[in-house]
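Residue numbers (my numbering): 434 to 899.
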Amino acid sequence: MSTPEDPAPIEPRRPGRAGRRSWHVAALASLNARGFRLLYLLDGLVLYAELWLVTGVLIWLRDDFNAVPNLDRYAWTYALIVVAHVAIFWAGGLYDRPPRLLARPILTRLVISVWFTSLLLGTVSLMLPQFPIPRSVLVVHALIAPLVLALNRWVTVRLRRRREGPARAVLVGSAETIALARTHLAPIADELVIADTVADVDDIVTVIERARARVLVLLDTESLDPLYEHHLDQLEAQDVATVRLVRPQDSLLGLARVGELGGMPFVSLSTHTMAPSQVRLKRWMDLAVLLVTAPLTVPLTLLTAAYVRIRVGRPVLFVQHRVGRDGQPFPMYKFRSMGLDAEARTGPVGAAVDDPRIVRGMGWIRASRLDELPQLVNVLRGHMTIVGPRPVRPAELADYEQRFPGYHRRHQCPPGITGLAQVYGHYHTHIEYKLGHDLYYLANWSPLLDLHIMVRTAWVILSRRL
Numbered sequence: 434m435s436t437p438e439d440p441a442p443i444e445p446r447r448p449g450r451a452g453r454r455s456w457h458v459a460a461l462a463s464l465n466a467r468g469f470r471l472l473y474l475l476d477g478l479v480l481y482a483e484l485w486l487v488t489g490v491l492i493w494l495r496d497d498f499n500a501v502p503n504l505d506r507y508a509w510t511y512a513l514i515v516v517a518h519v520a521i522f523w524a525g526g527l528y529d530r531p532p533r534l535l536a537r538p539i540l541t542r543l544v545i546s547v548w549f550t551s552l553l554l555g556t557v558s559l560m561l562p563q564f565p566i567p568r569s570v571l572v573v574h575a576l577i578a579p580l581v582l583a584l585n586r587w588v589t590v591r592l593r594r595r596r597e598g599p600a601r602a603v604l605v606g607s608a609e610t611i612a613l614a615r616t617h618l619a620p621i622a623d624e625l626v627i628a629d630t631v632a633d634v635d636d637i638v639t640v641i642e643r644a645r646a647r648v649l650v651l652l653d654t655e656s657l658d659p660l661y662e663h664h665l666d667q668l669e670a671q672d673v674a675t676v677r678l679v680r681p682q683d684s685l686l687g688l689a690r691v692g693e694l695g696g697m698p699f700v701s702l703s704t705h706t707m708a709p710s711q712v713r714l715k716r717w718m719d720l721a722v723l724l725v726t727a728p729l730t731v732p733l734t735l736l737t738a739a740y741v742r743i744r745v746g747r748p749v750l751f752v753q754h755r756v757g758r759d760g761q762p763f764p765m766y767k768f769r770s771m772g773l774d775a776e777a778r779t780g781p782v783g784a785a786v787d788d789p790r791i792v793r794g795m796g797w798i799r800a801s802r803l804d805e806l807p808q809l810v811n812v813l814r815g816h817m818t819i820v821g822p823r824p825v826r827p828a829e830l831a832d833y834e835q836r837f838p839g840y841h842r843r844h845q846c847p848p849g850i851t852g853l854a855q856v857y858g859h860y861h862t863h864i865e866y867k868l869g870h871d872l873y874y875l876a877n878w879s880p881l882l883d884l885h886i887m888v889r890t891a892w893v894i895l896s897r898r899l
């Protein structure tokens with residue numbers, strides 16, 4: 434049963450003030466919707482000023498103003514340094530819009546990003562006979578800049594809270610857990626207010642709309658299954674954040690991203706497993722790997738094509754439509770290893786070990802995964818990625834989505850040539866277990882995980898383990 438509380442009335446703004454603020458608020462909202470953040474400019478201005486301040490202090494400490502070089506060179510050099518910082522911050526996800534609640538600590542990420550950029554610039558300075566600025570400026574900058582940038586983010590978070598007000602929340606749980614949660618959340622009423630409480634999530638969408646809430650707080654473990662199957666996607670589409678209380682037994686799962694509200698441990702739930710910055714970085718990594726490995730993969734692809742032409746004949750390529758990112762179909766390329774119209778009698782059938790449809794002499798091509806080399810073209814075109822969930826046929830998608838709730842989430846990333854389910858699973862591994870591998874990969878993606886899977890794939894191929 435729902436026990437609604439009357440939501441606090443929203444005081445209308447004064448017409449004059451609203452008229453003065455509406456144009457720039459609308460402009461910023463429009464830019465933000467297109468991926469532009471005002472924080473780009475704020476970081477750039479602060480970094481530029483900080484570099485000049487550090488330079489001035491160092492000159493003053495040396496008390497040698499006659500030895501000051503031409504400062505005109507500093508102007509454009511500092512501008513390039515600022516651009517390098519902002520670009521690396523953008524690639525590293527420091528401009529992704531943070532959640533209202535349970536945001537990850539930012540200072541450590543800023544320190545790593547600033548130090549990485551400073552180290553990169555310092556390495557470049559060693560390669561140049563005359564670096565335009567003293568290297569001592571970069572050293573002091575690496576120590577000060579993270580603190581200045583953290584202050585930027587502290588200010589923007591405070592301005593956002595002041596503009597939007599405290600987040601309105603709906604609590605889900607038993608009467609006892611709700612009462613206990615109320616006592617813990619009361620001290621942070623300026624950050625989170627309780628708009629309503631319910632015992633289950635059957636009609637949670639209606640409750641949230643009525644309460645004008647932007648946060649759903651799960652205080653028990655029983656509510657997660659029905660929420661996962663029916664409502665989580667809809668709530669996220671409506672910009673409603675969902676957090677779940679971490680119970681002692683949940684620690685057995687090794688949860689790594691646990692925050693706190695009113696002293697209680699919570700973890701955020703999200704249907705979108707990869708941040709936009711991670712998708713961009715993954716795409717750049719794909720292109721870099723294609724470029725670095727081209728001297729090996731291009732000749733190998735040509736030799737394999739010649740072998741397929743001799744053993745199988747024309748056509749050399751097998752083109753099949755598969756489901757890509759966001760459920761969009763695309764033509765996937767493979768070297769043909771079966772006879773023409775291999776599925777004419779059986780219809781769509783998944784490949785198996787010792788498949789009788791494979792042409793003689795082509796088994797080792799499939800076992801070594803050389804038949805998938807043409808999919809590098811799919812990666813180049815953006816249809817696929819090197820590491821990711823394997824693409825499925827459109828005919829299989831509807832059945833899988835009906836049988837396995839959450840299956841569509843694996844399509845938030847382009848499908849991959851290899852993946853976690855391929856290196857740790859087998860042909861006979863059940864599709865639900867493969868889904869578990871795929872969703873774990875998306876939720877825990879990192880460049881190191883991709884590298885690990887690539888190395889593991891090489892081992893699987895060399896050991897002929899399918």
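Just so you know, even glycine gets a beta-carbon here, dropped at the ideal spot from N, CA and C. Predicted, not measured: the structure shown is a model, and the values here were computed from it.
message = I'd like the span of the alpha helix (DSSP H) that includes Arg742, first residue to last.
response = DSSP places Arg742 in the uninterrupted alpha helix (DSSP H) bounded by 709-744.
Residue range of the unbroken beta strand (DSSP E) whose run includes Leu694 = Segment 692-694, the beta strand (DSSP E) holding Leu694.
request  = Could you tell me whether the region 690-699 touches the region 616-635, using the rule of 3 or more Cβ pairs below 8 Å?
outcome  = With the cut-off at 8 Å, the region 690-699 and the region 616-635 touch.
ask   = What do you get for Pro448, buried or exposed, if any count of 16 or more other CB atoms within 10 angstroms of its CB means buried?
value = The predicted model places Pro448 with a pLDDT of 41, which falls under 50 and marks its position as unreliable, so this point remains unresolved.
message = Rounded to the nearest angstrom, what separates Leu875 and Val572 at their Cα positions?
response = C-alpha separation (whole angstroms): 36 Å.
query = Once you ignore the five residues that flank Trp485 on each side, which residues in its own chain have a CB closer than 8 Å to its CB?
reply = Within the same chain, Trp485 has close Cβ partners Tyr507, Tyr511.
task = Take Val856 and list the residues in its own chain whose beta-carbon comes closer than 7 Å to its own, dropping the five residues that flank it on each side.
result = Taken in chain order, the residues that qualify are Ile886, Arg889, Thr890, Val893.
query = Per DSSP, Asp623 is paired with what?
reply = For Asp623, which the question treats as bridged, DSSP gives no partner whatsoever.
message = Going by the DSSP bridge assignment, what does Phe522 pair with across the sheet?
response = Answer by DSSP bridge pairing: none, since Phe522 is not bridged.
inquiry  = Measuring straight from C-alpha to C-alpha, what distance separates Val741 and Trp878?
reply    = C-alpha separation (whole angstroms): 35 Å.
inquiry  = Below 8 Å on the Cβ atoms is my contact criterion, and I expect Val603 with Asp629 to pass it. Report the Cβ-Cβ distance as a whole number of Å.
reply    = With 8 Å as the limit, Val603 and Asp629 qualify as a contact, their Cβ atoms being about 5 Å apart.
inquiry  = Below 8 Å on the Cβ atoms is my contact criterion, and I expect Arg826 with Arg769 to pass it. Report the Cβ-Cβ distance as a whole number of Å.
reply    = With a Cβ gap of about 17 Å, Arg826 and Arg769 do not count as contacting.
query = When we look at the beta-carbon of Gly849 and count the other beta-carbons within 10 Å, is it buried (16 or more) or exposed?
reply = By the beta-carbon neighbour count (other beta carbons within 10 angstroms, threshold 16), Gly849 is buried.
key: the region 597-616 in contact with the region 632-647 per 3-pair CB rule at 8 Å   = Using a C-beta cut-off of 8 Å, the region 597-616 makes contact with the region 632-647, since at least three inter-stretch Cβ pairs fall below that distance.
request  = Below 8 Å CB to CB, which residues in the same chain sit around Ser607 once its five sequence neighbours on both sides are set aside?
outcome  = Ala632, Leu652, Asp653, listed in sequence order.
key: Complete alpha helix (DSSP H) runs within the region 606-668 (minimum length 4 residues, chain order)   = The region 606-668 contains these whole alpha helix (DSSP H) runs: 608-618, 637-644.
For Cys846 and Pro822, believed in contact at Cβ under 8 Å, the rounded distance = Confirmed, Cβ separation roughly 7 Å.
Euclidean distance between Cα positions of Val691 and Leu702 = Looking at the two C-alpha atoms, the distance is approximately 11 Å.
inquiry  = Determine whether the beta carbon atoms of Tyr661 and Gly869 lie at a separation below 8 Å.
reply    = No, the pair does not count as a contact, with Cβ atoms beyond the cut-off.
message = Need the endpoints of the alpha helix (DSSP H) that His574 sits in, please.
response = In the DSSP assignment, His574 falls within the unbroken alpha helix (DSSP H) covering 568-597.
query = Helix, strand or coil: which one does DSSP assign to Gln753?
reply = Shown here, Gln753 sits in a strand according to DSSP, grouped into three states.
query = Taking buried to mean at least 16 other C-beta atoms within 10 Å of its own C-beta, is Ala896 buried or exposed?
reply = Checking the sequence, you will find Ser at residue 896 rather than Ala. Per the 10 Å Cβ criterion, exposed.
ask   = What are the boundary residues of the beta strand (DSSP E) that Phe900 is part of?
value = The question about residue 900 has no answer, for the chain in this structure spans 434 to 899.
request  = Provide the residue(s) that pair with Met771 in DSSP beta bridges, ordered along the chain.
outcome  = DSSP links Met771 through a beta bridge to Ile791.
ask   = Considering only residues of the same chain and omitting the five flanking positions on each side of Ala721, which have a CB-CB separation below 8 Å?
value = Excluding sequence positions up to five before and after Ala721, its CB lies less than 8 Å from no other CB in the same chain.
ask   = Alpha carbon to alpha carbon, what distance is there between Ala674 and Ala583?
value = Distance between the alpha carbons of Ala583 and Ala674: 24 Å.
key: Supposed contact pair Glu655 and Thr704 - C-beta distance, whole angstroms, cut 8 Å   = Contact doesn't hold; Cβ gap of about 20 Å is too wide.
request  = Count the other C-beta atoms from every protein chain shown that fall within 10 angstroms of the C-beta of Ile545, then say buried if there are 16 or more, exposed otherwise.
outcome  = With fewer than 16 Cβ atoms within 10 Å of its Cβ, Ile545 is classed as exposed.
key: Pro437 versus Arg677: straight-line alpha-carbon distance, rounded   = Because the pLDDT at Pro437 is just 43, under 50, the model does not fix this residue reliably, and the value given afterwards should be weighed accordingly. Rounded to the nearest angstrom, the two C-alpha atoms are 20 Å apart.
ask   = According to DSSP, what are the bridge partners of Arg470?
value = Under DSSP, Arg470 takes part in no beta bridge, so it has no partner.
request  = Figure out for me which residue from Arg713, Leu736, Ala738, Thr610 has the closest Cα to the Cα of Arg680.
outcome  = A check of alpha carbon separations from Arg680 across Arg713, Leu736, Ala738, Thr610 identifies Thr610 as the nearest.
query = Who are Met697's beta bridge partners in DSSP?
reply = The partner list for Met697 (beta bridge, DSSP) reads Leu694.
Cβ shell of Val590 (< 6 Å), same chain only, five flanking positions each side left out = Excluding residues within five positions, none has a Cβ falling inside 6 Å.
task = Put Val557 into one of helix, strand or coil per three-state DSSP.
result = In this structure, Val557 counts as helix in the three-state DSSP scheme.
key: Inter-residue spacing [alpha-carbon to alpha-carbon] between Pro445 and Ala828   = For Pro445, the predicted structure reports a pLDDT of 36, less than 50, and the residue's modelled location is therefore unreliable. A value from the coordinates is still provided. Their backbone Cα atoms lie some 53 Å apart in a straight line.
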